[in-house]
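Engineer:
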Amino acid sequence: MEENKDVQYCFQDRNSSCRKALLSTSIYITLYIFFSLISAVTVFLNILVIISISHFKQLHTPTNLLILSLAVSDLLVGLIVIPVMTVAVMEPCWDFGKYFCVFHFYMAFLCTSLSITNLVLISIDRYVAVCDPLLYHSKITITRIMCCISITWCCCIIYDAVIIKNFVNVQVPSGCLKECFKVEGFMWGNIIDLVITMVVPCSIIITLYMKIFVVARSQARKVFSKEAASVSGVKTVQANKSERKAAKTLGIVVFNYFICWEPLTAPGPESKPA
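Everything in the sequence shown is counted per the working numbering, starting at 16 for the first residue and increasing by one.
Here it is, written out as structure tokens:
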């Protein structure tokens with residue numbers, strides 16, 4: 016009886032319901048402020064990217080369209096995934112119902128898929144720009160990029176809907192009442208999903224960036240071994256440096272992406288939002 020006084024449940028009259036987290040008020044408020052700031056910064060920065068690329072016509076390039084698509088998917092993370100997962104982590108009592116529980120897992124899966132596929136497209140774009148610059152403008156056009164982006168979004172939306180429906184069992188309520196969590200129900204489904212959403216895209220990205228840096232290093236040696244004798248030569252050198260700098264920056268983005276999303280994509284028999 017003394018233990019029950021110290022334990023709070025989602026349903027006070029049911030000991031089978033989830034236990035509430037007994038955090039101090041200061042820690043509770045600090046964590047909410049911290050996650051809210053992350054969400055706000057994510058939304059603000061991605062909105063800036065979206066507005067900048069959409070408003071200025073000189074920024075309407077194939078590469079920037081891919082960055083725009085990536086910014087939209089990251090905007091969804093800041094608007095939906097981070098706030099809902101914050102509530103799921105901080106509040107064990109899930110009061111939003113089963114459908115919203117399914118929706119928030121679906122959005123997390125969708126944003127993961129969209130981000131990684133956009134990064135694959137960006138790595139392909141950078142590979143052609145650095146390794147085959149003379150044919151870049153004929154191979155990579157705005158029309159083709161828009162088609163690729165549209166196909167990517169459609170495929171991710173359909174694919175993640177199939178994954179959620181067939182391979183992931185989202186339960187509310189569960190054995191612990193008033194909780195939202197997912198159970199990985201089909202082992203081969205989890206393995207297939209891991210291969211499709213992480214192993215294959217990451218292999219493509221890493222391979223392309225390795226080739227980019229090899230070619231960039233070779234170009235740099237040639238540039239430094241010869242002096243730019245004409246204005247056009249200087250412009251070519253500057254263009255090559257710009258392409259290499261863009262590839263390096265995007266390589267850092269890809270590395271950080273792997274670190275941030277790896278915990279969410281790690282398979283397990285049972286997992287909660289984290």
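Where a beta carbon is used, it is the ideal one built from N, C-alpha and C, also for glycine.
Determine contact between the segment 172-180 and the segment 85-102, defined as no fewer than three beta-carbon pairs at a distance below 8 Å.
Structural biologist: Because the criterion of three Cβ pairs below 8 Å is not met, the segment 172-180 and the segment 85-102 do not touch.
Engineer: According to DSSP, simplified to helix, strand and coil, what is residue 45?
Structural biologist: helix
Engineer: In whole angstroms, what is the alpha-carbon distance linking residue 140 and residue 226?
Structural biologist: 13 Å
Engineer: Closer than 8 Å by C-beta to residue 175: which residues in its own chain qualify, once you throw out the five before and the five after it? Chain order, please.
Structural biologist: So the qualifying residues of the chain are 121, 124, 125, 128.
Engineer: Any contact between the segment 69-79 and the segment 109-119? By contact I mean 3 or more CB pairs, one from each, below 8 Å.
Structural biologist: No, they do not touch.
Engineer: In angstroms with no decimal places, state the Cα-to-Cα distance between residue 234 and residue 46.
Structural biologist: 48 Å
Engineer: Please identify the residue among 218, 224, 44 whose C-alpha is closest to the C-alpha of residue 105.
Structural biologist: 44
Engineer: Entirely within the segment 131-169 and at least 4 residues each: give me those alpha helix (DSSP H) ranges in chain order.
Structural biologist: 151-154
Engineer: Tell me whether the segment 56-66 and the segment 143-151 touch, counting them as touching only if at least three CB pairs, one residue from each stretch, are closer than 8 Å.
Structural biologist: no
Engineer: Closest by CA to residue 62, which one among 42, 71, 87, 40?
Structural biologist: 87
Engineer: Residue 142 to residue 134, Cα distance in whole Å?
Structural biologist: 12 Å
Engineer: Helix, strand or coil: which one does DSSP assign to residue 116?
Structural biologist: helix
Engineer: Over the uninterrupted alpha helix (DSSP H) stretch that includes residue 82, give me the two end residues.
Structural biologist: Counted as a single uninterrupted DSSP element, the alpha helix (DSSP H) harbouring residue 82 occupies residues 77-91.
Engineer: Whose C-beta lies closer than 6 Å to the C-beta of residue 10 among residues of the same chain, with five residues either side of it excluded?
Structural biologist: Because the chain spans 16 through 289 in this model, residue 10 falls outside it and cannot be assessed.
Engineer: Put residue 39 into one of helix, strand or coil per three-state DSSP.
Structural biologist: coil
Engineer: What does the Cβ neighbour count give for residue 206, buried or exposed, with the cut at 16 atoms within 10 Å?
Structural biologist: exposed
Engineer: What would DSSP say about residue 108, mapped onto helix, strand or coil?
Structural biologist: coil
Engineer: What does the Cβ neighbour count give for residue 161, buried or exposed, with the cut at 16 atoms within 10 Å?
Structural biologist: By the C-beta density criterion, residue 161 is exposed, having fewer than 16 other C-beta atoms within 10 angstroms.
Engineer: Taking Cβ to Cβ, would you say residue 156 is nearer than 8 Å to residue 132?
Structural biologist: no
Engineer: Assuming residue 230 and residue 145 form a contact by the criterion Cβ under 8 Å, report the distance between their Cβ atoms to the nearest whole angstrom.
Structural biologist: 6 Å
Engineer: By the 10 Å Cβ neighbour count, where 16 or more other Cβ atoms means buried, how is residue 222 classified, buried or exposed?
Structural biologist: exposed
Engineer: According to the Cβ coordinates, are residue 164 and residue 80 closer than 8 Å?
Structural biologist: yes
Engineer: Tell me the rounded alpha-carbon separation between residue 58 and residue 49.
Structural biologist: Answer to the nearest angstrom: the Cα atoms are 14 Å apart.
Engineer: Can you tell me the Cα-Cα spacing of residue 216 and residue 52, whole angstroms?
Structural biologist: Whole-angstrom Cα-Cα distance: 30 Å.
Engineer: Pick helix, strand or coil for residue 313, following the three-state DSSP scheme.
Structural biologist: With the chain running from 16 to 289 in the structure shown, residue 313 is simply not present.
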